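Quick notes on the structure that follows.
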Amino acid sequence: MPEGCKLTALIPGTATGILAGGNLSIIASLAGTPYALQGKGKILVLEDVNEPSYKIDRMLNQLWQSGLLQDVEAIAYGNFINCPADPGDFTTEEILAYYAALAGKPAIKGLPVGHGTENATLPLGTKALLQSDKENATLAFIEPALHT
0 MPEGCKLTAL IPGTATGILA GGNLSIIASL AGTPYALQGK GKILVLEDVN
50 EPSYKIDRML NQLWQSGLLQ DVEAIAYGNF INCPADPGDF TTEEILAYYA
100 ALAGKPAIKG LPVGHGTENA TLPLGTKALL QSDKENATLA FIEPALHT
């Protein structure tokens with residue numbers, strides 16, 4: 000992760016897996032199709048932009064109902080930019096925390112990935128180690144992204 004990147008633990012724990020995921024809207028739209036993301040052995044990375052919080056809730060519920068959130072080893076949330084809540088609705092932050100707790104897997108937030116100005120390169124398909132406790136959260140790549 001870039002220097003100065005502050006990751007926050009949502010659910011403490013340690014997990015090793017292959018980085019997979021991307022834009023929540025796209026991942027959710029693939030659920031139930033032959034192209035759906037398979038969660039076993041994966042650290043799921045999710046981000047989105049310009050979606051109200053009720054849609055974030057609906058899409059995460061779809062991933063829950065499809066079994067993806069139960070199958071992954073861990074969850075790592077990136078940027079959720081311009082994802083406002085209507086008055087009386089849960090905020091996007093509350094919704095992300097809820098589904099992390101529901102899944103019961105190690106979970107972090109604050110990855111600098113998504114559609115914002117802060118956008119780190121994330122080597123999807125590589126093995127990573129996610130660790131989180133009350134004070135620290137890390138995501139480390141434990142194999143090279145490129146093989147020669």
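End of the sequence shown sits at 147 in numbering that gives the first Met the number 0; the numbers just go up one at a time, nothing left out. All residues carry an ideal CB built from backbone N, CA and C; glycine is no exception. Fair warning: this is a prediction, and the values are worked out from it, not measured in the lab.
Beta-bridge pairing by DSSP links Glu-46 to Asn-22.
The continuous beta strand (DSSP E) containing Asn-78 extends over residues 73-80. Closest in alpha carbon position to Ile-107, among Gln-37, Lys-39, Asp-85 and Gln-130, is Gln-130.
Under the three-pair Cβ rule at 8 Å, the segment 9-17 counts as touching the segment 40-57. In the DSSP assignment, Ser-131 forms a beta bridge with Gly-12 and Ala-136. Residue environment analysis places Gly-124 among the exposed positions, since fewer than 16 neighbouring C-beta atoms fall within 10 angstroms of its C-beta. Annotated as proximal: Gly-20 and Ala-75, with beta-carbon spacing under 9 Å.
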